[in-house]
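One line per chain: the protein sequences are D and E, in this order. Counting from 22, one number per residue, gives the positions in the first sequence under the working numbering. Counting from 1305, one number per residue, gives the positions in the second sequence under the working numbering. We put the CB at the ideal spot given by N, CA and C, even for glycine. Contents: one structure, followed by commentary.
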Amino acid sequence: MNPYAALTTTFGFRPDTPPLETLPTGVASLDALISGFPRGAISEILGPESSGRTTIIHALLAASTSKFEICAYVDTDDSFDPVSASAAGVALSQLLWIRCGHNAGHALKVADALLHAGGFGVIIFDLCQISTKVANHIPISYWYRFRRAIENTPTILALIEKEPLARSCAALMLAMKRSKTVWKGAPGFELLRGVEFEAASRKPVRQAAANLNAKAI
Amino acid sequence: MFACLHVCGRRASAPTGPAAGLSKIAEAFSPWFEQTAPDTIVFPIDGLKRLYGKPEQIAQAIAQHAGAAVNVAIAETAESAILAAHNFPGITVGPELDHLDISTLPITEEMLETLDTWGIRDLQELAGLPETGIAERFGEAGVHLQQLAKGATHRPLRVFQQATTYDDRIELDHPVDLLDPLLFLIARMLAEQCEKLQAHGMAANEVTVHLELDDKTEHSRTLRLPIPMRESKSLLKLLQMDLEAHPPQAATLALSLSLKPVLPRTVQTGIFLPATPAPDKLELTLARIRGIVGENNVGIAELMDTHHPHPYRLAASQPKITDSQPWTDRQAFRYFRPPIAAKVELQRDRPARIAALGIYGKVLNAAGPWRSSGGWWTQTVWNRDEWDVTLSYGALYRIYREPSQNWFIEGSYD
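See below:
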């Protein structure tokens, strides 16, 4: 008997699963790096302030809504900006926006309700602005529950945060970094032109990183 | 065979006159009847033969029920019965219409004049004319008139149907305090009404529960559904969540339920279209979420045509598929709601250092001020100078100054 197969049966390891279907974002460099966000799985996008996390999320939402899918944005800290999302190509009429009023507990319940309702293309769970103390109090069981809820469905659950939260439950972990802010004009008369970001895949681990540019709104 | 009732006399069309009760008389003899005019009603009597016997006996029974002010006529066709009831007083069975004047038919002045010049005076003469000649001169209307004159017009009745209501009411023997027993009763009422909707091929887009309370007050809740529904379980769950959020203030003595019927939603689905949440299931999910985060915090963002710093609103509706475009490389913005109050040091009227809760640093680059104001004629007046700034650790923020010289951090570019 194949030793791997023996281990699988003896210790109850999960058998090899086929590669997950992905949703390309339309950002060429990022799609070349990770070939899109995996469906039926949790993806984490993490990074500090102004590192391009939300820009990536807008790209993901735009890709999903352009495929006529319904999406949801669980906005823990009321930080979503419809104007910049619309400018990035997100069809707002296909996006359900839920403001949770700075209450992470409510946000978790809302995300749970949405995941179990089913039928969504992408569900964004925005935890960027919650404090580390609150983040550490989120039971790990929530992430297992969420992973279980979307398994074998076409839904993508994307978390945006400062530090990893779902960890082993996530199929994709993107670490964002700001490379450069582009200003033009003489000192005193400068204009913001855009930002350059760098996305590194921590899970699955990739040596290369993707470079992204975003123009100022 | 058909019977026609016609109210003769000047008071026929009065709202309290005999014509007002015609439909009730007709209902006593047949569930199907057509009201051709306010004072005329016609219905089939084939089913009455076993009850009353011959047509004469049926006519007698109807006349007895209708009273003296109503002409009763029985004929082979509905149109012949109508003609007879209009032109013969009392009871007429199998009428001889041959010698009726042609002006008794629904005829135009022009046709009447032409027929008069031809010497055609009564229905028998009109019926005797060659049909092709009538068709050549008067067209379809002429042929129809001739068929009426012959008594050979067979048409289905345009049956009068009373508007169906989907209402129910229960009076309780004892006041009920708790919501669960009430929901048990509502479930029963809902199931009955939804079955009725299903049988009639309808759905409801509005459900109202009206509770009469022990303290002589009333409590009413209305659910306006974004899509017509007729699944009693879904409606019950929605009502349950609504009543839990807005419970009655006293025990309930009576409750009534009313559903507003509309045509059900028809959707063309496609095999290659992505699966979207089922509308009724989504509505339940939204109701559940509204219960968690509040009614005004769930919906679709709608952009508004204004220069206001927050040019959007949250519309409480379900998402719907529209044409959309692919991603364009625009930088995203994140709001701090509420904006964070900040202390800003200025150098030559430009921000040089910022200090706020969790955000502080030297300003490396700043673009501004972008002055905007408006809405002074409304409650939502705004007036501010905006700056885009990069701090020493690289974060990019939008800050603004109010006329009161107070500074705030509105959000970050992310």
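Report buried or exposed for residue i, applying the criterion of at least 16 other Cβ atoms within 10 angstroms of its Cβ.
i          : result
Gly-1394/E : exposed
Ser-1696/E : exposed
Gln-115/D  : buried
Thr-1570/E : exposed
Pro-1479/E : exposed
Arg-199/D  : buried
Leu-195/D  : buried
Gly-1715/E : buried
Ala-1307/E : buried
Asn-1600/E : exposed
Ile-1596/E : buried
Taking 6 Å as the limit between beta carbons, can you name the residues of its chain near residue i, skipping five residues before and five after?
i          : result
Asp-1692/E : Ala-1671, Arg-1702
Ala-1318/E : The predicted position of Ala-1318/E is uncertain, since its pLDDT is 49 and thus under 50; a value taken from the coordinates is nonetheless stated next. The answer is none, since no qualifying residue turns up.
Ser-1562/E : Asp-1471, Thr-1512
Lys-1666/E : Arg-1657, Ser-1696
Thr-1694/E : Leu-1668, Asn-1669, Leu-1700
Glu-172/D  : Gly-61
Ala-83/D   : Ala-109, Gly-110, Val-111
Glu-1413/E : none
Please name the residue or residues paired with residue i in a DSSP beta bridge.
i          : result
Asn-234/D  : Glu-217/D
Cys-1726/E : Absent from the model: residue 1726/E. The displayed extent of chain E is 1305 to 1718, so no value can be given.
Asn-1375/E : His-1310/E
Thr-1396/E : Ala-1377/E
Met-194/D  : Glu-65/D, Lys-224/D
Gln-1339/E : Ile-1345/E
Gly-1715/E : Tyr-1639/E, Arg-1702/E
Val-104/D  : According to DSSP, Val-104/D bridges with nothing at all.
Arg-1525/E : Val-1513/E
Lys-1647/E : Ala-1659/E
Give me the Cβ distance between residue i and residue j, rounded to the nearest whole Å; I'm assuming they're in contact under 8 Å.
i          : j          : result
Ala-1301/E : Ala-1379/E : Nothing about residue 1301/E can be reported from this structure: the residues present for chain E run from 1305 to 1718 only.
Thr-1589/E : Ala-128/D  : At roughly 15 Å, the Cβ-Cβ gap does not stay under 8 Å, so Thr-1589/E and Ala-128/D are not in contact.
Val-95/D   : Asp-147/D  : 6 Å
Ser-105/D  : Phe-1637/E : 4 Å
Ile-177/D  : Val-131/D  : In fact, because the Cβ distance is near 17 Å, the residues do not count as touching under 8 Å.
Trp-118/D  : Leu-1618/E : 6 Å
Phe-141/D  : Ala-93/D   : 5 Å
Val-1648/E : Pro-1655/E : 5 Å
Could you check which residue in the options has the C-alpha nearest to that of residue i?
i          : options                                        : result
Gly-1662/E : Ile-159/D, Ala-109/D, Ser-107/D, Glu-70/D      : Glu-70/D
Glu-1429/E : Gln-1451/E, Thr-1412/E, Gln-1544/E             : Gln-1451/E
Thr-1526/E : Thr-1412/E, Leu-1449/E, Ala-1330/E, Glu-1510/E : Glu-1510/E
Pro-103/D  : Thr-97/D, Asp-96/D, Val-95/D, Leu-113/D        : Leu-113/D
Val-1685/E : Gln-1465/E, Tyr-1717/E, Pro-1615/E, Ala-1636/E : Pro-1615/E
Glu-1690/E : Leu-213/D, Ser-222/D, His-127/D                : Leu-213/D
Lys-1537/E : Phe-1306/E, Lys-1520/E, Cys-1498/E             : Cys-1498/E
Ile-1345/E : Leu-1352/E, Val-1376/E, Ala-1363/E, Glu-1360/E : Val-1376/E
Ala-1453/E : Leu-1427/E, Leu-1517/E, Val-1602/E             : Leu-1427/E
His-1458/E : His-1504/E, Asp-1627/E, Ala-1382/E             : Ala-1382/E
Ile-181/D  : Ile-55/D, Leu-54/D, Asp-98/D, Leu-41/D         : Asp-98/D
Gly-215/D  : Lys-224/D, Gly-206/D, Thr-202/D, Val-226/D     : Thr-202/D
Ala-1554/E : Lys-1564/E, Glu-1516/E, Glu-1606/E             : Glu-1516/E
Ala-80/D   : Ala-196/D, Ala-49/D, Ala-192/D                 : Ala-49/D
Leu-1547/E : Lys-1328/E, Leu-1483/E, Glu-1417/E, Asp-1402/E : Leu-1483/E
Leu-1540/E : Ala-1370/E, Ala-1591/E, Thr-1610/E             : Ala-1591/E
Ala-1582/E : His-137/D, Lys-130/D, Asp-52/D, Phe-101/D      : His-137/D
Lys-224/D  : Leu-67/D, Leu-44/D, Gly-47/D                   : Leu-67/D
Ile-1411/E : Trp-1681/E, Ser-1676/E, Gly-1437/E, Glu-1444/E : Glu-1444/E
Ser-1708/E : Asn-1687/E, Glu-1599/E, Gln-1361/E             : Asn-1687/E
Gly-1678/E : His-1612/E, Ile-1362/E, Glu-1417/E             : His-1612/E
Gly-1598/E : Ala-1549/E, Pro-1359/E, Pro-1578/E             : Ala-1549/E
Asn-232/D  : Ile-77/D, Ser-100/D, Pro-59/D                  : Ile-77/D
Phe-210/D  : Pro-1673/E, Tyr-1717/E, Gln-1683/E             : Pro-1673/E
Thr-1573/E : Pro-1551/E, Ile-1625/E, Lys-1520/E, Pro-1552/E : Ile-1625/E
Could you pull out every residue in the same chain whose Cβ sits closer than 8 Å to the Cβ of residue i, ignoring the five residues on either side in sequence?
i          : result
Ile-1474/E : Leu-1489, Met-1493, Ala-1558, Leu-1559, Ser-1560
Arg-1534/E : Cys-1498, Leu-1501, Gln-1502, Met-1506, Ala-1507, Ala-1508, Pro-1568
Leu-1404/E : Leu-1387, Asn-1391, Asp-1426, Leu-1427
Glu-1338/E : Ile-1345, Val-1346, Phe-1347, Ala-1382, Leu-1461, Arg-1462, Val-1463, Phe-1464
Val-1374/E : Leu-1309, His-1310, Val-1311, Cys-1312, Pro-1322, Leu-1326, Ile-1329, Ala-1367
Arg-227/D  : Leu-54, Ile-55, Ala-221
Asn-1710/E : Ala-1645
Gly-1455/E : Ala-1379, Glu-1380, Thr-1381, Glu-1383, Ser-1384, Leu-1401
Ala-187/D  : Ile-63, Glu-65, Trp-164, Phe-167, Arg-168, Leu-180
What does a CB cutoff of less than 7 Å around residue i pick up in its chain, not counting 5 residues either side in sequence?
i          : result
Gln-1544/E : Leu-1487
Ala-1365/E : Tyr-1356
Trp-1336/E : Phe-1347, Pro-1348, Leu-1461, Val-1463
Ala-237/D  : Leu-213, Arg-214, Gly-215
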